[in-house]
Structures are given as C-alpha cells and as structure tokens.
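Number of protein chains: 2
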Amino acid sequence: MSWSKRGGGEGEEAGGARGYHHGNLKEALLRAALELIAQKGPAGFTFAEAARWAGVSPAAPYRHFRDRDELLANVALRGFERFEVVLKRAWDDGRPDALAALDRLGKAYLEFARTEPAYYSAMFEAGIPLATSPELREAGDHAFAVLRGAAEKLCAEMPPTKRPPTLMVALHIWSISHGIASLFGRGDAARRTLPMSAEELLEAGVLVYLRGLGFATATEKPAG
Amino acid sequence: MSWSKRGGGEGEEAGGARGYHHGNLKEALLRAALELIAQKGPAGFTFAEAARWAGVSPAAPYRHFRDRDELLANVALRGFERFEVVLKRAWDDGRPDALAALDRLGKAYLEFARTEPAYYSAMFEAGIPLATSPELREAGDHAFAVLRGAAEKLCAEMPPTKRPPTLMVALHIWSISHGIASLFGRGDAARRTLPMSAEELLEAGVLVYLRGLGFATATEKPAG
DNA sequence: AGCTCATGTTAATGGCTTTTACATTAGCCA
DNA sequence: TGGCTAATGTAAAAGCCATTAACATGAGCT
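Residue numbers (the numbering used here), protein chains in the order written: chain A, 1 to 224; chain B, 1001 to 1224.
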C-alpha cells in the first residue's frame, strides 16, 4: 500500500514528521474539532488549537474552511449523516415489528447523544443556523426522515378510521426523544438524578403516547 | 426623586455622563449580557462588549463576576427564576381545572422560549455545568417543581388503581415541551416548516399522552 | 476631617481570528 | 523528463478578547 499521503485520514495524528503539505488536512481538522468539542464543548473549541493538533500553522485551516463557523457546520453535517446511519440501522425497516423497532430507534437516539456528545452538541446546541448550507439542512432532513418512516409504518398498522397524521406522530416522537436526550441524556452535565434511566423514561413515554393514539401495545392488556 | 445613583437598574444606558463609579454596574452588565446574547447567541457574547455597553472599562466587570462564565451563569440563574414565575402564573394552581391549566403551562413554556431566547439559551444551551453553583441548580429545580406540581394534580384526578408515577409524568411533559421548544420553538433558527404551530403540536402531544395514561379528556368522547 | 474598602481605570500579557504576502510542491502537460 | 500552475502551507501582522496587577477615586462611616 502506498503509505504516502492521502491515507483516508490516518495522517500523523500528533508529531509525525511530514513534508510541507499535510496530505489530508481537512479530514484531520474535522477530527481534531470533534475531539476538542468533546473535551471542552462547542464554545471551548478553537480553530487555532485544531490547527496545532493537526500539526500545521494557525492559518492553514483557512485553505479548507472559510472560518471557524464553517468548520463547526461541517462537523454538524457529518454528525447528521452519521446520525442518519445509526437511526436507520436501529430502525431496520421496522423489523421484526414496528413497536420493537421503534424502541430500538429511541434507544439509538439516546445512545448517539451519549456516545457522540461532540456531534450532538454541534448539531443541536452550537447555534448553527440551519440555513448555513443546503447540505446541512438536507442532512438534518434525512435523519428526520428515518423517524418519519417509522411513524408511517406505525400509523399504517392502525385502523384507517382512527389513524393519526403521520407527520404529527413523527414530530412528537422526535420531540420527546430530543427533550430527554437534551435534558437527561448526557454524561454529567445538566444531570438531575432520575429514578430511572433516560432509556426507560423514553420507552415509557412513547408507550403511553402510542396507547393514547389507540395503538394496542403488547405489555398492556386492554382490560387491565 | 434622587436621580443620583442606584436607581434600580436604569443607569445611563448608553453615553450619559457619570462619575468614577457606575452605581449599578452588576445590574447593567446582566442586562447588557442578555441583550448581547439575544443578538448574537451565547457564544458571540463577550465580556468586553458588555463592559463597553455599560460604559465602563473592560476590567471593571471583574469586580462583580469572577469571569465571563460566571456572568453567563448569573444570566441563566435569573432566567430560571423568571421561568419559574412565568410557569407558576400560567399554572395558577391548576385553576379552573388541571387540564386547562396544563395547557396554559405548555403554552407558557413555549412562549418563554420564544420571547426570551437569550434566557432560554443561557439556561439550556450555553453548556453551563449545573454544578456551577448550588443556586443555579436550585433555581432550575424550582422551575421544574412547577411542572411537577402540575403532574401531581393531574395524577390525583385519576383513580388510584391506575395512577401513574407523578415524577415520570412530570418528566415526560417536561421533555416533550423542551424538545418542541428546542427544535421548533424559536424565531428562525433551526426552523423546519411545520404544518402546525409549536403550540398546537405540544397541546396535541400532551393530550394524546394523557389519554394514554387513561386520563379522560373533554374533547375525546370515550366511544368516538 | 480622615480612614478604608468597594469599585473603576490603565497597562500589560498572552491567545485567538483573520488577512496578506510569500514559499513549497503535487499534478499535469508538453 | 522538465516546467507551469494551482493547491496547500507558512510567516507576519492587525485587531479583538480575557485576565491580571498596580494604581485611582470616592462612598460611607466614625
């Protein structure tokens, strides 16, 4: 293998001798940013430190990102793409049944917020205007589309007469997932001691909600 | 009236002649911070600019706040206090009935996020560790206590046999409110075009949820 | 009047962001 | 192979910010 330059992002991490050109600086900066955001939050992250981490001068990043905000936006973009993958895998087209798949979906949402706090905060808390780039908005929409697809399948299983609006159901599930993730789903920030895990809280909430829609759940016998 | 100094916060806004001492700098800084956060987000806000806005030197704020973060935390603290007042007023002890009051509560939550985005982002998105100060956590807890009280009254109206855990209900309602406010509730940031207002979305979600709990709502006749 | 402490100011250090002018070299074409 | 050009880095500089230390002012009390 040609170990030369564009290795797909390996680079030299920290300190390896390299020529005048880095070879994969853009990738390295995205990674550095992610690492730094994870450590110190989106606010604490600095362009200069990312450059240092990648072993280049403070001006080098400007060859790849218009400014600090654009780098942040790119992190968010990548986050949404990853998020979509994760959610899609969890949903798995609703197998074996919509309810079980939805449960996985919720857990995946929370797990993403917990294990990828850097992405999550870049995506939802860094205050990046979604209008920044069409791609960003699109990526966000694609991630949401997974939830929407889930709502669709769920609604399809209900009798047409009492079938609720799909979009509304998707928005509700998204909102409660996001609310729980934001308020209780991360390491120790904003931690309030809960009597249950975020996962249990979300699962219970969604079950109650579905029951409210008239969706018959297995655990709940109709006549108590 | 003694127009002299400590006027309760009036100060000179911008440019008025004043002596060596400001007279109410702490208050002026808190206001300036709020204004700046509203304009440019919690990240864009700078200590120096707040000082400028208050008409003092860049070092003066350090007499009142340990550093920039402490000022931010104080803004958040004040935000939680205000939030509690707003929520309490909306809840109004559950009058005339728990359901109507809960509806007002939800709307108040969203209205706060919309009309006080500076407070809201300082409280929930600025990444201030709640452990920063006991007061901050306490203020947050007090605000949540209003929701908890609402859940309590709601649960109390249900037959004891099928009465759900109060805390869980409060957490669910808080989560969906927070999720909707964060995702759809602000000016134009993160705006996705919805087929309904955030208020309608929240109201519908809560109604479905309550129905799922077995709470009989007026709009929904038992036999459709 | 005089003391003292809270509150402001000035000046200085060090970091970050961003721009401009210049350096290096990778990729390509003859 | 040799040379051109655009992409990618570097160096240096301007301007802003956070934070601190040394010094100034005056408010409130005795």
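Don't be surprised by glycine CBs; every beta carbon is placed ideally from N, CA and C. Note that the structure is a prediction, hence the values are computed from the model and not measured.
On the criterion of 16 or more Cβ atoms from any shown chain inside 10 Å, does Gly44/A qualify as buried, or is it exposed?
If you number the first sequence from 1, residue 44/A lands on position 44. Gly44/A should be labelled exposed.
Is Ala1032/B buried or exposed, if buried means 16 or more other CB atoms sit within 10 Å of its CB?
Working through the second sequence from its first residue, we reach residue 1032/B at position 32. Looking at its Cβ environment, which holds 16 or more other Cβ atoms inside 10 Å, Ala1032/B is buried.
Between the Cα of Leu1072/B and those of Thr1193/B, Glu1157/B, Ala1181/B and Pro1129/B, spot the shortest distance and give me the residue it belongs to.
Residue 1072/B sits at position 72 when you count from the first residue of the second sequence. For Leu1072/B, the nearest C-alpha among the options comes from Pro1129/B.
Quick one: grab the DSSP three-state call for Leu1087/B.
In the second sequence, counting from the first residue as 1, residue 1087/B sits at position 87. Here Leu1087/B sits in helix by DSSP.
Beta carbon of Gly106/A, beta carbon of Ser177/A: below 7 Å?
Indexing the first sequence from 1 puts residue 106/A at position 106. Indexing the first sequence from 1 puts residue 177/A at position 177. The answer is yes: Cβ separation under 7 Å.
Counting only the same chain and skipping the five closest in sequence on each side, list residues whose C-beta sits under 7 Å from that of Val86/A.
To locate residue 86/A, count along the first sequence from 1; it is residue 86. Excluding residues within five positions, the ones whose Cβ falls inside 7 Å are Ala108 and Phe112.
Cα-Cα separation between Gly1023/B and Val1056/B, rounded to whole angstroms:
The sequence position of residue 1023/B within the second sequence is 23, counting from 1. The sequence position of residue 1056/B within the second sequence is 56, counting from 1. Rounded to whole angstroms, Gly1023/B to Val1056/B spans 11 Å at the Cα level.
So is Arg176/A in contact with chain B if we call contact Cβ pairs under 7 Å?
Position 176 of the first sequence, counted from the first residue, corresponds to residue 176/A. It is worth fixing the name first, because residue 176/A is Ile in this sequence and not Arg. Yes, contact with chain B.
Alpha-carbon spacing of Ala1126/B relative to Tyr1119/B, whole angstroms:
The count along the second sequence starts at 1 and reaches residue 1126/B at position 126. The count along the second sequence starts at 1 and reaches residue 1119/B at position 119. Roughly 10 Å between the two C-alpha positions.
Closer than 7 Å by C-beta to Pro1164/B: which residues in its own chain qualify, once you throw out the five before and the five after it? Chain order, please.
If you number the second sequence from 1, residue 1164/B lands on position 164. Taken in chain order, the residues that qualify are Cys1155 and Leu1213.
Within 7 Å (strictly less), CB to CB, does Ile1180/B reach chain A?
Position 180 of the second sequence, counted from the start, is the residue given in the question as residue 1180/B. Yes, because at least one Cβ of chain A sits closer than 7 Å to the Cβ of Ile1180/B.
For Gly185/A and chain B, any beta-carbon pair shorter than 7 Å?
Looking up residue 185/A in the first sequence gives position 185. Gly185/A does not count as touching chain B.
If you scan the region 1022-1051 of chain B from start to end, which runs of the alpha helix (DSSP H) of 4 or more residues do you find wholly inside it?
1025-1044
When Cβ atoms are compared, which residues of the region 1018-1037 of chain B fall closer than 7 Å to chain A?
none
Residue ranges of each alpha helix (DSSP H) run of no fewer than 4 residues wholly in the region 1185-1215 of chain B, ordered along the chain?
1198-1213
Using the rule of at least 16 other Cβ atoms within 10 Å of the residue's Cβ for burial, across every protein chain shown, is Gly1019/B buried or exposed?
Here residue 1019/B corresponds to residue number 19 of the second sequence, with the count starting at 1. Gly1019/B is exposed by the Cβ-count criterion.
Please list, in chain order, the chain B residues whose beta carbon lies closer than 8 Å to that of Glu125/A.
What you label residue 125/A is simply residue 125 of the first sequence in a count that begins at 1. Under the 8 Å cutoff, chain B gives Glu1125 and Gly1127.
So, with DSSP's three-state summary, where would you put Ala126/A?
Taking the first residue of the first sequence as 1, we reach residue 126/A at position 126. Coil at Ala126/A, not helix or strand.
So, using beta-carbon positions, are Gly1179/B and Ser175/A closer together than 7 Å?
By one-based count along the second sequence, residue 1179/B stands at place 179. By one-based count along the first sequence, residue 175/A stands at place 175. Yes, these two residues count as a Cβ contact at 7 Å.
Show which residues of chain A have a CB atom less than 7 Å away from the CB atom of Pro1195/B.
Position 195 of the second sequence holds residue 1195/B. Those are Leu167, listed as they occur along chain A.
Answer with buried or exposed for His172/A, where buried requires no fewer than 16 other C-beta atoms within 10 angstroms of its C-beta.
Position 172 of the first sequence, counted from the first residue, corresponds to residue 172/A. Buried, because 16 or more other Cβ atoms sit within 10 Å of the Cβ of His172/A.
I'd like to know whether the C-beta of Arg211/A is nearer than 7 Å to at least one C-beta of chain B.
Taking the first residue of the first sequence as position 1, residue 211/A is located at position 211. So, interface residue.
Identify, in the order they occur along the chain, each residue of the same chain with its Cβ nearer than 8 Å to the Cβ of Arg1230/B, setting aside the five sequence neighbours on each side.
Nothing about residue 1230/B can be reported from this structure: the residues present for chain B run from 1001 to 1224 only.
Which class does Ala1059/B belong to by DSSP, given the choice of helix, strand or coil?
Along the second sequence, one-based indexing puts residue 1059/B at 59. Coil at Ala1059/B, not helix or strand.
Starting from the N-terminal side, write out each stretch of the alpha helix (DSSP H) that is 4 residues or longer and does not extend beyond the region 104-183 of chain A.
117-124 and 134-156
If the criterion is Cβ atoms closer than 7 Å, does the pair Ser1121/B and Pro1042/B meet it?
Here the question's residue 1121/B lines up with position 121 in the second sequence. Here the question's residue 1042/B lines up with position 42 in the second sequence. In this structure, Pro1042/B lies closer than 7 Å to Ser1121/B by Cβ.
Using a Cβ distance threshold of 8 Å, determine whether the region 1134-1141 of chain B contacts the region 1092-1101 of chain B, with at least three qualifying pairs required.
no
Work out the CA separation of Ala143/A and Asn74/A for me, nearest whole Å.
The residue labelled residue 74/A in the question sits at position 74 within the first sequence. The residue labelled residue 143/A in the question sits at position 143 within the first sequence. Looking at the two C-alpha atoms, the distance is approximately 16 Å.
Taking the beta carbon of Ala50/A as the centre, do at least 16 other beta carbons fall within 10 Å, making it buried, or is it exposed?
In the first sequence, the residue the question calls residue 50/A occupies position 50. With 16 or more Cβ atoms within 10 Å of its Cβ, Ala50/A is classed as buried.
Within chain B, the residues that Ala204/A reaches when beta carbons sit closer than 7 Å:
To locate residue 204/A, count along the first sequence from 1; it is residue 204. Neighbours of Ala204/A on chain B, chain order: Met1168.
Could you name the residues of chain A that Gly1041/B contacts, counting a contact when the two beta carbons are closer than 8 Å?
Position 41 of the second sequence, counted from the first residue, corresponds to residue 1041/B. Those are Gly127, listed as they occur along chain A.
Comparing the C-beta of Val146/A with each C-beta of chain B, is any distance below 7 Å?
By one-based count along the first sequence, residue 146/A stands at place 146. So, not an interface residue.
Quick one: Cα of Glu1116/B to Cα of Glu84/A, how far?
Walking along the second sequence from the start, residue 1116/B turns up at place 116. Walking along the first sequence from the start, residue 84/A turns up at place 84. So the alpha carbons of these two residues sit roughly 32 Å apart.
Under 7 Å between C-beta atoms of Glu199/A and Leu102/A
Residue numbering aside, residue 199/A sits at position 199 when the first sequence is read from its first letter. Residue numbering aside, residue 102/A sits at position 102 when the first sequence is read from its first letter. For Glu199/A and Leu102/A, no; Cβs fall outside 7 Å.
Check the Cβ-Cβ distances between Val1171/B and every residue of chain A, and say whether any is below 7 Å.
Within the second sequence, residue 1171/B is the residue found at index 171, counting from 1. A small correction: the amino acid at residue 1171/B is Leu; Val does not occupy that position in the sequence shown. Answer yes: the Cβ-Cβ gap between Leu1171/B and chain A drops below 7 Å somewhere.
Any idea what DSSP makes of Asp67/A, helix, strand or coil?
Here residue 67/A refers to the residue found at position 67 of the first sequence. Three-state DSSP puts Asp67/A in coil, outside helix and strand.
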